[in-house]
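2 protein chains.
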Amino acid sequence: MKFEAVTIKDIAKALGLSTSTVSRALRDSYEISEETKQLVLKYAKELNYRPNPSALGLKEKRTRSIGIIISEIANSFFSQAINGIESVANQRGYNVIITQTLESYEREVANMQFLSSRSVDGCLISVSTETSDFFHISDLYKKGFPIVCFDRVIDSLDTHKVIIDNFMGAYDATTHLIKSGYKKIAILSSIEYLSISKERLNGFKKALADHNIPLHEDYLKHCAHGGLLYQEVEKAMDELMKLKVKPDAVFTSGDKLTTHFMRYCKKKKIAIPEKIAVIGFSNLDITELLSPSLSVVKQPAFEMGRVATDLLINMIESKRSVTDFEHIVLPPEIIVRDSSLKKK
Amino acid sequence: MKFEAVTIKDIAKALGLSTSTVSRALRDSYEISEETKQLVLKYAKELNYRPNPSALGLKEKRTRSIGIIISEIANSFFSQAINGIESVANQRGYNVIITQTLESYEREVANMQFLSSRSVDGCLISVSTETSDFFHISDLYKKGFPIVCFDRVIDSLDTHKVIIDNFMGAYDATTHLIKSGYKKIAILSSIEYLSISKERLNGFKKALADHNIPLHEDYLKHCAHGGLLYQEVEKAMDELMKLKVKPDAVFTSGDKLTTHFMRYCKKKKIAIPEKIAVIGFSNLDITELLSPSLSVVKQPAFEMGRVATDLLINMIESKRSVTDFEHIVLPPEIIVRDSSLKKK
DNA sequence: CAAAAAATCGGGAACGATTGCGTAAATAAA
DNA sequence: TTTATTTACGCAATCGTTCCCGATTTTTTG
Chain Z
3 MKFEAVTIKD IAKALGLSTS TVSRALRDSY EISEETKQLV LKYAKELNYR
53 PNPSALGLKE KRTRSIGIII SEIANSFFSQ AINGIESVAN QRGYNVIITQ
103 TLESYEREVA NMQFLSSRSV DGCLISVSTE TSDFFHISDL YKKGFPIVCF
153 DRVIDSLDTH KVIIDNFMGA YDATTHLIKS GYKKIAILSS IEYLSISKER
203 LNGFKKALAD HNIPLHEDYL KHCAHGGLLY QEVEKAMDEL MKLKVKPDAV
253 FTSGDKLTTH FMRYCKKKKI AIPEKIAVIG FSNLDITELL SPSLSVVKQP
303 AFEMGRVATD LLINMIESKR SVTDFEHIVL PPEIIVRDSS LKKK
Chain U
3 MKFEAVTIKD IAKALGLSTS TVSRALRDSY EISEETKQLV LKYAKELNYR
53 PNPSALGLKE KRTRSIGIII SEIANSFFSQ AINGIESVAN QRGYNVIITQ
103 TLESYEREVA NMQFLSSRSV DGCLISVSTE TSDFFHISDL YKKGFPIVCF
153 DRVIDSLDTH KVIIDNFMGA YDATTHLIKS GYKKIAILSS IEYLSISKER
203 LNGFKKALAD HNIPLHEDYL KHCAHGGLLY QEVEKAMDEL MKLKVKPDAV
253 FTSGDKLTTH FMRYCKKKKI AIPEKIAVIG FSNLDITELL SPSLSVVKQP
303 AFEMGRVATD LLINMIESKR SVTDFEHIVL PPEIIVRDSS LKKK
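The listed protein sequences correspond, in order, to chains Z and U. If you count the first sequence from 1, position 289 lands on 291 in the numbering used here, and the numbers rise without skipping. If you count the second sequence from 1, position 261 lands on 263 in the numbering used here, and the numbers rise without skipping.
Here it is in structure tokens:
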């Protein structure tokens, strides 16, 4: 038995009206008498009528849905962001299609292709670490496909962007390490060309400079996939720990980098913060329960999702083409715990 | 400038063919000459033609998408399950619409309504803790809307189901506590009528009985929202800790219950496992890094998602109505760590 | 070489909903 | 009473795609 939902035709036939009359009655048109309206409305409610989204999509050339492209759903930052995105989207009558790239450029291109081919009216994206050219995005955008960037943004794309103050987050975190008495500070970073990597690295460098601490190139470690794989972090850490002058603190500039750093230290029995202190980006909600409790830079993920979605839907629904682009910068939150305790 | 994708009409006009010919050429129909096929295919590829999903949906009465109803995306178990769901769905040409209930019955009804009104061809569901009657699900199911249950299943619904062996997971975990020397074992459980709660509670009880340990009613604690709120767990734990004979171990029967238990002990400075030992369900991938490292019952979430999706899509694509329902039970994994160490 | 069969293609209806336009009936204005 | 206006509804086109019929041309068969 096939599942068949009720259509406007069913209602029209049952009430002896035309489909146009039913349609107008449901849309509360002035052309329909109050009597007929009530009749139709009552019957539609009884049968639990819902307009067919495909028919609407075909007619109106819009699907009332938006797409998301992120690297990974099973990531605390992104799943919190999705919550924010969903809350606004649902409220404004849109539904959401989530796609993930797992940091693969190829999958990002495929997802973008899929979403743009009329499945959604617009798209939110936080680009993959593997992505270094953006033609698959900018080409579509130039053709009029609404796109809003968040988190990992594309500098060259002239659209709305929602990020946190990565520079300041990194600067403050690094400064905190310095003020706690650490001087040999390393950084675990994601791939160089990623917007957030650059900004966080710059914040890190500025903090060192402002406190007259020279920058050691050996202390700069990049992980190509942003720590998606433990092995990346392990390799970087092995190199750090082999140095003649080992770092006494690390700033980890991404979620996965942070947790894998913790995993590494646990495995190698490196005491935190005695042997090495750490503060890093993380949106996990149990960082307080780690051993030791973890100092973190936390992003307002939910809020970022909300804001980005609002901008996207505004863009979709705007009559004339948008030329004035918002560039929203939210503040990160720094939470100091045991992993970056004052050096004795 | 509006974003307009290329249609079959554009191709037909450009090549001087009819839309029917183009359509057939793209579908590799035997009625079209090899020459014309190549011509159309080449041009379509050039223009990056994709069929309009709305038009297809309207014509074929199917959207090639499936819905998910879960309690929360930002939950390690569910986000891992989503990964499994997506992997199968994408591979079989479906896309996925995720909705969350946040354990609200009302939202579950609304989400089900939304998904079933022709937005998706079928639906995966893990019911909310608030849900005690299932008419909003069974009514649709009886009308022919394909539904597959996973994790939190509905006993009365005769469809495919994918769960883990909750009884065994709880039995083994409890037995492990007993064998480690704990005798006064409490349980933090979710709401009574939930399938997984019942099964896990039964496993817990059986383990006690098999080892001749009497069951104290005081040691059975139910949290109405499955620990969505910290306050639920706090209240239950406060009550436990006020007892004359306090428990020396706890089995936490859900993800959130487990982490909130840890949070509670940290806050109240209750030493684990010295004062109270714990083993619980959790799919977090950093439980090894908690303090102390956490003993867990882990679910094969990714695999559950994969299997459930395969069953759902089979059901959707099956010509005749399905009468032979799979009831798949996967094994949980028990990982023993410090939080349930042997009693000295 | 005529008739039958196959190969290729186009016309047009249909899917469900919206909407411009036309029109009959009812009412108001002249 | 006649004409103009309003009210309330139906007809039919449209969105992009598929698919049932025909129709025409080419090829095969007797």
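For each residue, glycine too, the CB sits at the ideal point set by N, CA and C. Please read all numbers here as calculations on a predicted model, not as lab measurements.
What are the boundary residues of the beta strand (DSSP E) that residue i is part of?
i	result
U/GLN82	No beta strand (DSSP E) holds U/GLN82; the alpha helix (DSSP H) holding it covers 78-93.
Z/LYS223	222-225
U/LYS163	163-166
Z/THR23	Premise fails: Z/THR23 lies in the alpha helix (DSSP H), 21-28, not in any beta strand (DSSP E).
Z/GLU33	From DSSP, Z/GLU33 is part of no beta strand (DSSP E); its letter is neither H nor E.
Z/HIS329	329-332
U/ILE1	Residue numbering for chain U in the displayed model covers 3 to 346; residue 1 of chain U lies beyond these limits and cannot be assessed.
According to DSSP, is residue i part of a helix, a strand, or is it coil?
i	result
Z/SER192	strand
Z/THR101	strand
Z/GLU335	strand
Z/THR347	In this structure chain Z extends from 3 to 346, so residue 347 of chain Z is not present and cannot be described.
Z/ILE70	strand
U/ILE198	helix
Z/LYS186	coil
U/SER106	coil
Z/PHE263	helix
Along the alpha helix (DSSP H) that carries residue i, what are the first and last residues, could you check?
i	result
U/ILE315	303-319
U/GLU6	Element bounds for U/GLU6: n/a, residue is neither H nor E.
Z/HIS138	137-144
U/THR289	Taken as a continuous stretch (DSSP letters only), U/THR289 belongs to no alpha helix (DSSP H), as it is neither H nor E.
Z/LEU58	55-62
Could you tell me the alpha carbon to alpha carbon distance between residue i and residue j, rounded to whole angstroms?
i	j	result
Z/GLU108	Z/PRO275	40 Å
Z/LEU332	Z/GLY307	11 Å
Z/THR311	Z/SER118	17 Å
Z/PHE116	Z/GLY171	35 Å
Z/LEU60	Z/ILE99	18 Å
Z/GLN40	Z/THR23	12 Å
U/ILE281	Z/LYS258	25 Å
U/ASN214	U/SER182	15 Å
Z/SER89	U/LYS186	44 Å
U/VAL298	U/PRO334	10 Å
U/GLU62	Z/ALA91	27 Å
U/LEU292	Z/MET243	24 Å
Z/CYS151	Z/ILE166	12 Å
U/ILE149	U/ILE337	33 Å
Can you confirm whether residue i, when its beta carbon is compared against all beta carbons of chain U, has any partner nearer than 8 Å?
i	result
Z/PHE136	no
Z/GLN301	no
Z/LYS268	yes
Z/ILE337	no
Z/GLN233	no
Z/SER106	no
Z/MET243	no
Z/LYS145	yes
Z/ALA209	no
Residue i CB to nearest chain Z CB: under 8 Å?
i	result
U/GLU290	yes
U/SER341	no
U/ILE75	yes
U/GLY282	no
U/GLU319	no
U/GLU88	yes
U/LYS47	no
U/LYS271	no
U/SER140	no
U/GLN93	no
U/LEU159	no
U/ALA16	no
Kindly indicate which residue of the options has the alpha-carbon position closest to the one of residue i.
i	options	result
Z/VAL8	Z/ARG265, Z/SER320, Z/VAL90 and Z/TYR45	Z/TYR45
Z/PHE206	Z/ASP141, Z/ASN214 and Z/ALA175	Z/ALA175
Z/SER130	Z/ILE288, Z/ILE198 and Z/LYS270	Z/ILE198
U/MET317	U/ASN168, U/LYS163, U/ASP287 and U/ASN285	U/LYS163
U/ALA303	U/ILE156, U/LYS144 and U/ILE87	U/ILE87
U/PHE253	U/VAL247, U/LYS246, U/LEU245 and U/MET264	U/MET264
U/LEU314	U/SER342, U/GLY124 and U/ARG29	U/GLY124
Z/ALA279	Z/SER341, Z/GLU241 and Z/PHE5	Z/SER341
U/ASN113	Z/VAL155, Z/ASN168, Z/HIS329 and Z/GLN93	Z/GLN93
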